[in-house]
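Undergrad: Handing you a structure now.
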Amino acid sequence: MNMIRQSLRGLATQAKTAGETSAVKFNIAQPPKYTLASLRSFPSLEPHNFIPLPTEFLDVPLRRDFLWSAVVFEADRARVGSGNVITRGDKPYSHKKLLPQKGTGRARQGDANSPSRYNEVKAHGIKAPHDWSTKLPFKIYSKAVATAFADQYRNGKLFVVGKIDSTSNIREADDTIVDFKYPHEEATKQFVDAHDLRKLNLLFITDVQRDNLLQSTEVLAKKMDVIVKEELEVRDILKANRIYIELPALQWLIGKYGSD
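In the UniProt record's numbering, the protein residues as written are 1 to 260.
Listed below in structure tokens is the structure:
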């Protein structure tokens, strides 16, 4: 009888040890750290390769509060602050008393600089130059940039142009930068017609200034924005229906705004 009890105890101990081992082995799966993006050539936009990009930049949840804070921050920063309100201290009129102090039967009145009269003089006002800019933590702004890019990526509106090696099969008429071969308006018209982009807002983000692209897109300047990576704002990303970005520019933005 004792031998049977000892055997049962041994089996229970083995089962417990096996259960602990399996619990250690089967941990909760970690979320992926990278997502794949197609590398395309320009202007055909044909994919020729894939590149892994961090999910902390292209797969973050939609946070409208971050986007709103960033848009307000950028709009405040863009205000010129040139409004100049005329106040009594500017003395636009004479200091002569308008009416005698007594004897007219009317209320006493001072000079024409009084803000109580019907003129452009105000009691209080902002004097130019005025700084309307507000403050926003860099971490919040970085999250807003990542959120804007992630939303465009999920909706299939982000196109990455570039290559990662020399073995990429690219057509002779294409290139790995966002630029046209010649600075002609016809190149832009052909690009828009080929990809059915006539009624859409387009955003081109380049690593450096592309003169041919700037000159050729002037024909549709109201629908197209060409921006160097350092000048990009969240507002530019949000209002675009299609975004074409060079790989070095995207990597620079990830390095600046993607890390915690």
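We treat Cβ as the ideally placed atom computed from N, Cα and C, and that holds for glycine.
Are the segment 133-150 and the segment 69-83 touching, with three or more C-beta to C-beta distances below 8 Å?
TA: yes
Undergrad: Would you call the segment 206-213 and the segment 233-241 touching, i.e. three or more CB-CB distances under 8 Å?
TA: Contact between the segment 206-213 and the segment 233-241 is absent: fewer than three C-beta pairs spanning the two stretches fall below 8 Å.
Undergrad: Bridge partners of A37, per DSSP?
TA: For A37, which the question treats as bridged, DSSP gives the partners I51.
Undergrad: Taking 9 Å as the threshold (C-beta atoms), are L53 and L232 in contact?
TA: For L232 and L53, no; Cβs fall outside 9 Å.
Undergrad: For I243, which of helix, strand or coil comes out of DSSP?
TA: I243 carries a strand assignment under DSSP once its states are collapsed to helix, strand and coil.
Undergrad: Buried or exposed: where does K163 fall if 16 or more other Cβ atoms within 10 Å of its Cβ makes it buried?
TA: buried
Undergrad: Going by Cα to Cα distance, which pick from A78, I86, D111, G156 is closest to S94?
TA: D111
Undergrad: Can you tell which of I86, P137, K102, R106 has the C-alpha that lies nearest to the C-alpha of A123?
TA: I86
Undergrad: Which partner residues does L158 have in the DSSP bridge list?
TA: I243
Undergrad: How would you label D65, buried or exposed, when you count the other beta carbons within 10 angstroms and need 16 or more for buried?
TA: Counting the other CB atoms within 10 Å of its CB gives D65 a total below 16, which places it among the exposed residues.
Undergrad: Could you check whether K127 and N84 sit closer than 9 Å to each other, using their CB atoms as the reference points?
TA: yes
Undergrad: When DSSP labels each residue in this structure, what does S259 get in the three-state scheme?
TA: coil
Undergrad: Whose C-beta lies closer than 7 Å to the C-beta of S216 among residues of the same chain, with five residues either side of it excluded?
TA: Excluding its 5 nearest sequence neighbours in each direction, S216 has C-beta neighbours in its own chain below 7 Å: F180, P183, H184, E185, A187, T188, listed in chain order.
Undergrad: Mind checking which residues open and close the alpha helix (DSSP H) that includes residue 348?
TA: Any property of residue 348 remains undetermined from this structure, which presents the chain solely from 1 to 260.
Undergrad: Rounded to whole angstroms, what is the Cα-Cα separation between P115 and L67?
TA: A direct Cα-Cα distance of roughly 41 Å separates P115 from L67.
Undergrad: Starting from V121 and walking both ways along the alpha helix (DSSP H), at which residues does that stretch end?
TA: Note, V121: premise wrong, no alpha helix (DSSP H); not H, not E.
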